[in-house]
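Peer 1:
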Amino acid sequence: MATQCHNLSDYNPSTLPDAREMKFGIVVSEWNSEITFRLRDGAIATFKENGVKPENIHVVYVPGSFELIYAVKKLSLYLRPDAVVGFGCVIRGETPHFDCVCGGVTQGFAKLNAEGDIPYIFGLLTTDNMQQAVDRAGGRYGNKGDECAVAAIKAAGLGLQLK
55 MATQCHNLSD
65 YNPSTLPDAR
75 EMKFGIVVSE
85 WNSEITFRLR
95 DGAIATFKEN
105 GVKPENIHVV
115 YVPGSFELIY
125 AVKKLSLYLR
135 PDAVVGFGCV
145 IRGETPHFDC
155 VCGGVTQGFA
165 KLNAEGDIPY
175 IFGLLTTDNM
185 QQAVDRAGGR
195 YGNKGDECAV
205 AAIKAAGLGL
215 QLK
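Numbering of the sequence shown is given in this note's numbering, commencing with residue 55 and proceeding in unit increments.
Below is the structure:
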């Protein structure tokens, strides 16, 4: 597993573009909030560590992971940020619901990125159990929220560079 070989919170700040004037949106699913709120907090901390002003970090909440697609799109139209991150956590259960939600959200983010003018960062944890989610939300593998914030800064920087 790739995560076991790489801490999600590790990055080299010198490889990031200047984020001091960038603006970011974060959409957080309230389902599995004990995980998604940790992802949110990791992203916010990483944005601030890289000079993003607190007033340029906008957070909204949705009930579940499937609603991330709608909300990241609406937030991008309303806020006009440099990038939007969506955080959710879907844990495999006994029914095919896991596959439907994960596939739908993945396709939704792919479509937004293909058609959009800004990067939409995919922060959906798809795990087999709660422990795997905890391990990736500030646990032994670091925090996927940190990784998504780094991806947002890099992708936004590329977008601004190519304007």
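Backbone N, C-alpha and C define an ideal beta-carbon position, used for all residues, glycine too.
Note that the structure is predicted; figures quoted are calculated from it, not measured.
1) Taking the beta strand (DSSP E) that V138 falls in, what are its first and last residues?
2) How big is the Cα-Cα spacing for M55 and D182?
3) Three-state secondary structure (DSSP) at S119?
4) The beta strand (DSSP E) that contains G177, what's its start and end?
5) Please go through the same chain and pick out, in chain order, the residues whose beta-carbon is closer than 8 Å to the beta-carbon of G177, but skip the five residues on each side of it.
6) How would you call Y174, buried or exposed, if buried means at least 16 neighbouring beta carbons within 10 angstroms?
7) If you check the beta carbons only, do V82 and Y115 fall under 8 Å apart?
8) Distance, Cα to Cα, F91 vs A206?
9) With DSSP as the reference, identify every bridge partner of A191, one or two as the case may be.
10) So for M55, helix, strand or coil by DSSP?
11) Excluding the 5 residues flanking A187 on each side, which residues of the same chain have their C-beta closer than 8 Å to its C-beta?
12) Are L225 and R190 touching if we call contact CB-CB under 8 Å?
13) Terminal residues of the continuous beta strand (DSSP E) containing G79?
14) In whole angstroms, what is the alpha-carbon distance linking Y65 and V204?
Peer 2: So, to answer that:
1) Start at 1 with the first residue of the sequence shown, and residue 138 comes out as number 84. Run containing V138: 137 to 145, per the beta strand (DSSP E) assignment.
2) Walking along the sequence shown from the start, residue 55 turns up at place 1. Walking along the sequence shown from the start, residue 182 turns up at place 128. Any reading at M55 must be qualified, since the residue scores a pLDDT of 43, below 50, and its modelled position is unreliable; no value is offered.
3) Here residue 119 refers to the residue found at position 65 when the sequence shown is read from its first residue. Three-state result, S119: coil.
4) Here residue 177 corresponds to residue number 123 of the sequence shown, with the count starting at 1. Unbroken beta strand (DSSP E) run through G177: 174 to 181.
5) The count along the sequence shown starts at 1 and reaches residue 177 at position 123. Closer than 8 Å at the Cβ level, and outside the excluded window around G177, lie L93, A97, V139, G140, F141, G142, K198, G199, C202.
6) Taking the sequence shown and counting its residues from 1, the one referred to as residue 174 is at position 120. Y174 comes out buried.
7) As a working note, residue 82 is residue 28 in the sequence shown. As a working note, residue 115 is residue 61 in the sequence shown. Yes, they are a contact pair.
8) The residue labelled residue 91 in the question sits at position 37 within the sequence shown. The residue labelled residue 206 in the question sits at position 152 within the sequence shown. Going from the Cα of F91 to the Cα of A206 covers about 18 Å.
9) Numbered from its first residue, the sequence shown carries residue 191 at position 137. The partner list for A191 (beta bridge, DSSP) reads N197.
10) For the purposes of this step, residue 55 is taken as residue 1 along the sequence shown, with counting starting at 1. No answer about M55 holds up, because its pLDDT of 43 lies below 50 and its placement is not dependable.
11) What you label residue 187 is simply residue 133 of the sequence shown in a count that begins at 1. Hits under 8 Å: N86, I89, C143, I145, L179, T181.
12) Residue 225 lies beyond the residue range present for the chain, which begins at 55 and ends at 217; the question has no answer from this structure.
13) Position 25 of the sequence shown, counted from the first residue, corresponds to residue 79. Where G79 is concerned, the enclosing beta strand (DSSP E) stretches over 78 to 83.
14) Start at 1 with the first residue of the sequence shown, and residue 65 comes out as number 11. Start at 1 with the first residue of the sequence shown, and residue 204 comes out as number 150. Going by the C-alpha atoms only, they are around 8 Å apart.
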